[in-house]
Amino acid sequence: DATKPDEKPVDDEAAAKESAVTEAKPDSAKQNFDVLIAVMPSSLTEPQMVNFLEYVKAGKPTLIFDDPCPFVFQNQSGLAMAPRLPKPGGGNQMFGGGAPPEQKADGGELTALMKLLNVSWQYDQIVYDRNNPHSEFATLPPEYIFVSRSGYKEGVEGPFSPDSKISQNLQDLVMLYPGTIVDRAGRSEQEFIPLLKTSNESGLLPWEKFTSQAGFNPFSQGGTEINPNPRRSDDGKTHILAAQIRNKSSETPLNVVLCSDIDMITDWFFLERNRGNLEVKFDNVTFVLNAVDALASDETFISLRSRRQSLRTLKFVENRTSALRTSLNKEEKNAQEELDARLKKAEEDLRAEIKKISEDETLDPRSKDTQLQQKEQQVNRRLKLESETLERQLNSKVRKSGLEMKREIRRIENTVRIVACIIPIILPICFGMLFLGLRNLAENQSINPNRRKG
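This note's numbering numbers the first residue of the sequence shown as 249 and each following residue consecutively.
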């Protein structure tokens, strides 16, 4: 059994395995399932969270999906489902109607659950990853994380853990604006397996950077929106996106798989798995089904389900594109530093003007206060305008560098395609000419010298 919102693609997958999908009741304390799939437990109220914690504490198999930025599930109110934001209330809140929203347990931070699992998870922080081995998705921002075996050298630890059957045979996954998981350690009897990780071309973004306030729209309820161009700064570390947590002790028995993204289990991935319209075969559904089977201690189909053809990529293309991405990251970082320096100088110059007025002894206090207030407003307007202008210049520069990088990647790929088409043609021609020459030479040698003319 599993709990999940009523989604037909999930029901179809369960039916194929002859499994029953039942919706759990968070207000009920005593429930038993083969595997409980908990989506966005950060939205639970305090009584519901108590029931959920009791269930997990009992060591029952639980697959947890939560997300600091539920990107796909945006509505007219923007990121209304985000753990940091309060629950939407009933009725039309704009005009004061409807009941007040219920309070989330721990304010949406999942403090009690993370303490129970002995891990850290920031409810208002996401991770991005610049490593994108799929050129057909090159236009997507780094917050679309492609967890892929492509681009990793032999002997280098990849993004999929080989220590768990859930992830050891996966090839490609995609996650949208996910969070990160950190093991607190300290429990000798507990096993923590990082199932999915980013590359070291990644970094973290706090809430203030990856979101922005929506402008007024009479047809929407405003709210919080995604910032399409946040200021990114790589930290050179790998970040854990999903983990398996097991504890066989009698005090804190745990059997949990924790994933920091819910966008990876939307209907689209289940439908695309059956249609196969994309060249890249994403293993999102396989990951979910493997996790369910592993938690249920039924690993019969995991190896069979995960088995598929592994396509090798061209190291030459990967090395060149990786160098281009590194160059782009450096340019973006330099542009950001230049922007910060220019903004700092502009602010210092404008503040100096205010200081000049405040130190002017020829002005009476009332005139000085009036001029200071006017100058303060003027300074803030000019500073805001200067900031917006420099921000546009930065975005334009980064966008231009990104387009140049994508053109260069396409040029490299086209060159490889042309060479791949020409070489198979040239080689047979060369061999044909060689054999023709050898044949003519053999024929000439077999002719009697007395019969040759000239």
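Note that CB positions come from ideal geometry on N, CA and C, so glycine has one too.
All of these numbers come straight from a predicted model, not from anything done at the bench.
What's the gap between the Cα of residue i and the Cα of residue j?
i: residue 437; j: residue 506; result: 18 Å
i: residue 304; j: residue 643; result: 46 Å
i: residue 626; j: residue 455; result: 29 Å
i: residue 634; j: residue 601; result: 16 Å
i: residue 703; j: residue 598; result: One cannot answer for residue 703 here, as it falls past the ends of the chain, which runs 249 to 702.
i: residue 576; j: residue 349; result: 45 Å
i: residue 508; j: residue 426; result: 6 Å
i: residue 517; j: residue 529; result: 10 Å
i: residue 542; j: residue 413; result: 8 Å
i: residue 503; j: residue 490; result: 14 Å
i: residue 663; j: residue 672; result: 15 Å
i: residue 355; j: residue 651; result: 41 Å
i: residue 310; j: residue 285; result: 6 Å
i: residue 538; j: residue 334; result: 33 Å
i: residue 318; j: residue 327; result: 7 Å
i: residue 273; j: residue 526; result: 37 Å
i: residue 394; j: residue 519; result: 19 Å
i: residue 282; j: residue 443; result: 21 Å
i: residue 373; j: residue 292; result: 20 Å
i: residue 364; j: residue 592; result: 45 Å
i: residue 687; j: residue 670; result: 26 Å
i: residue 366; j: residue 332; result: 21 Å
i: residue 255; j: residue 515; result: Here residue 255 scores only 47 on pLDDT, less than 50, and its place in the model should not be relied on; the value that follows carries that caveat. Distance between the alpha carbons of residue 255 and residue 515: 7 Å.
Under the rule that 16 or more other beta-carbon atoms within 10 Å means buried, what is residue i, buried or exposed?
i: residue 492; result: buried
i: residue 679; result: exposed
i: residue 330; result: buried
i: residue 658; result: exposed
i: residue 675; result: exposed
i: residue 683; result: exposed
i: residue 690; result: exposed
i: residue 549; result: exposed
With distances taken from CA atoms, which of the options is nearest residue i?
i: residue 477; options: 321, 639 and 369; result: 639
i: residue 483; options: 447, 500, 457 and 664; result: 447
i: residue 357; options: 316, 392 and 415; result: 316
i: residue 474; options: 494, 407 and 392; result: 392
i: residue 622; options: 637, 504, 606 and 323; result: 606
i: residue 287; options: 529, 494, 450 and 536; result: 536
i: residue 445; options: 384, 293, 379 and 439; result: 379
i: residue 276; options: 552, 295, 613 and 590; result: 295
i: residue 423; options: 457, 388 and 431; result: 388
i: residue 449; options: 421, 512 and 381; result: 381
i: residue 571; options: 307, 654 and 272; result: 654
i: residue 595; options: 629, 414 and 689; result: 629
i: residue 645; options: 320, 332, 290 and 582; result: 582
i: residue 585; options: 686, 480, 612 and 661; result: 480
i: residue 236; options: 428, 324 and 666; result: Nothing about residue 236 can be reported from this structure: the residues present for the chain run from 249 to 702 only.
i: residue 452; options: 298, 614, 370 and 271; result: 370
i: residue 545; options: 308, 290, 457 and 271; result: 308
Since residue i sits in a beta bridge, which residues does DSSP pair it with?
i: residue 323; result: 326
i: residue 299; result: Note: residue 299 sits in no beta bridge, so no partner.
i: residue 494; result: 439 and 503
i: residue 488; result: 429 and 445
i: residue 422; result: 394
What whole-angstrom Cβ distance do residue i and residue j have, given they're in contact under 8 Å?
i: residue 486; j: residue 472; result: The pair is not a contact, with the Cβ atoms about 29 Å apart (cut-off 8 Å).
i: residue 314; j: residue 510; result: 7 Å
i: residue 397; j: residue 408; result: 7 Å
i: residue 554; j: residue 418; result: 6 Å
i: residue 430; j: residue 368; result: 4 Å
i: residue 439; j: residue 494; result: 5 Å
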